[in-house]
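When you line the sequence shown up against the numbering used here, it's residues 2 to 147, in that order.
Below is one structure; the comments refer to it alone.
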Amino acid sequence: MSDTPYSIRREAALQYSFFSEGPKGRIEKLVRYDQMGKYLFNLSFGDRIEGTDDIDVKVVTNNQDGYKVIATVISTLEIFFEQFPLAKVFIMGSTPSRIKTYRRMVKTQGEKYKDKYEFFGGKGELYEPFQEGVDYNFILIKKRKA
């Protein structure tokens, strides 16, 4: 499985699109950063609802390109942090299985990005440096200081 990102297209200041390609066809994906506070942004990701700028965050596409899709979503972080270097990106799964997938993603892919980003896991309003095996409710990512 390739983890080379797909080409992304910047649609708006904080929204990106790309196409997943696999056995289920060519499926358009959206990544959007919504500001929640001065330095806090929520990352939403999923399939574009056809003809809109809305995201289906619950769909499970299973286009057999998961690593490539995750690498593409992560590639948008670099562009985002160029504009908002002090920000923290909040990721909360739309379902329990989705947040479990995100925890697994940090566990398996986080090492590759540790020189660029810091990963945290949280429950309620508290968060800590990400630790494997902890059932966090959300993930927080911030750019590592140079």
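Where is the CB? At the ideal position from N, CA and C, for every residue including glycine.
Under a Cβ-count criterion, where at least 16 other Cβ atoms within 10 Å of its own Cβ denotes burial, should residue i be classed as buried or exposed?
i	result
Tyr103	buried
Arg105	exposed
Thr77	buried
Ser21	buried
Ala147	exposed
Lys101	exposed
Arg70	First, the residue type needs correcting, since residue 70 is Val and not Arg in the sequence shown. Val70 is buried by the Cβ-count criterion.
Tyr40	exposed
What is the DSSP secondary structure of residue i, reduced to helix, strand or coil?
i	result
Lys143	strand
Phe120	strand
Val82	Here the sequence assigns Phe to residue 82, which means Val is not the residue at that position. Reduced to three states, the DSSP call for Phe82 is helix.
Gly23	strand
Glu12	strand
Among the candidates the options, whose CA atom is the shortest distance from the CA of residue i?
i	options	result
Gln36	Val90, Glu51, Lys117, Arg105	Val90
Leu15	Glu83, Asp57, Ile50	Glu83
Arg49	Ile80, Glu12, Phe81	Glu12
Arg145	Ala88, Leu127, Gly134, Gly125	Ala88
Phe81	Lys113, Tyr34, Asn63	Tyr34
Return the chain-ordered list of same chain residues with a C-beta closer than 6 Å to the C-beta of residue i, the five sequence neighbours on each side being excluded.
i	result
Phe85	none
Ser95	Val58, Lys59
Val32	Tyr17, Phe46, Val74, Thr77
Arg27	Phe20
Pro6	Ala72, Thr73, Ser76
Thr109	none
Glu133	Lys108
To which residues of the same chain is residue i closer than 8 Å at the C-beta, ignoring the five residues directly before and after it?
i	result
Gly123	Glu129, Tyr137, Asn138, Phe139, Ile140, Leu141
Glu79	Lys117
Within the same chain, show all residues whose beta-carbon is closer than 7 Å to that of residue i, passing over the 5 residues directly before and after it, in chain order.
i	result
Val65	Note that residue 65 is Gln in the sequence shown, not Val. Closer than 7 Å at Cβ, skipping near neighbours: Gly23, Pro24.
Phe120	Val107, Gly111, Phe131, Ile140, Ile142
Ser98	none
Gly125	none
Write down the C-beta distance between residue i and residue j rounded to the nearest angstrom, noting that I regard them as a contact closer than 8 Å.
i	j	result
Leu44	Ile92	5 Å
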